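Student: Counting in the working numbering, the sequence shown runs from 1 upward without gaps.
C-beta atoms are modelled at their ideal positions from N, C-alpha and C, and glycine is treated no differently.
Every value quoted in this text rests on a predicted model; they were computed, and no experiment measured them.
My questions will all concern the structure given below.
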Amino acid sequence: MRRIAVLTSGGDAPGMNPCVRAVVRKSLYHGLEVVGVRRGFHGLVAGDFMEMKSRTVGDILQRGGTILKSARSEEFKTEEGRAKALLQIRTCEIDAVVGVGGDGTFKGLHLLSQMGLPTVAIPAT
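This is the structure we're talking about:
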């Protein structure tokens, strides 16, 4: 494993930014590259990614919401939408996806895992 993606999905919840920060910093410490997905599963389908470094998450603990933004995606709920997301993931050589959110986030990550992609779900509600 060389590169992971982190996303936040659904409604904003307290602790999302600290969680993103922890994922980024711990991953970088262990030599992984981290890609942030803007706007949750919508961004995954659209390929709306950003490189995450320590400085990206350096001053986010006290900020509300999530620096990655959060959105639900009707398109991801379709088989075609998930295929687009997987293509974006493969094109960017992402090896796993970490998602922070609630029940909908967990369902989306489960669908990705059924397509053969390693996922980690972190509860935020």
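What span of residues does the beta strand (DSSP E) with Gly58 cover, start to end?
Tutor: Stepping through the sequence shown from its first residue, residue 58 is reached at position 58. Looking at the DSSP string, Gly58 is not in any beta strand (DSSP E), and its letter there is neither H nor E.
Student: Per DSSP, which residues does Gly99 bridge with? Please list them.
Tutor: Reading the sequence shown from its first residue, position 99 is the one you call residue 99. The partner list for Gly99 (beta bridge, DSSP) reads Leu7 and Ala121.
Student: Determine which residues share a DSSP beta bridge with Val20 and list them.
Tutor: For the purposes of this step, residue 20 is taken as the residue at position 20 of the sequence shown. Its beta-bridge partners do not exist; DSSP assigns none.
Student: CB Gly47 to CB Gln114, shorter than 8 Å?
Tutor: Walking along the sequence shown from the start, residue 47 turns up at place 47. Walking along the sequence shown from the start, residue 114 turns up at place 114. For Gly47 and Gln114, no; Cβs fall outside 8 Å.
Student: Give the straight-line distance between the Cα atoms of Thr8 and Val100, rounded to the nearest whole angstrom.
Tutor: In the sequence shown, the residue the question calls residue 8 occupies position 8. In the sequence shown, the residue the question calls residue 100 occupies position 100. Taking the straight line joining both Cα atoms gives about 5 Å.
Student: Spatial neighbours of Ser136 within its chain, please: CB distance less than 8 Å, with the 5 preceding and 5 following residues excluded, ordered by chain position.
Tutor: No statement about residue 136 is possible, as the shown extent of the chain runs from 1 to 125 and does not include it.
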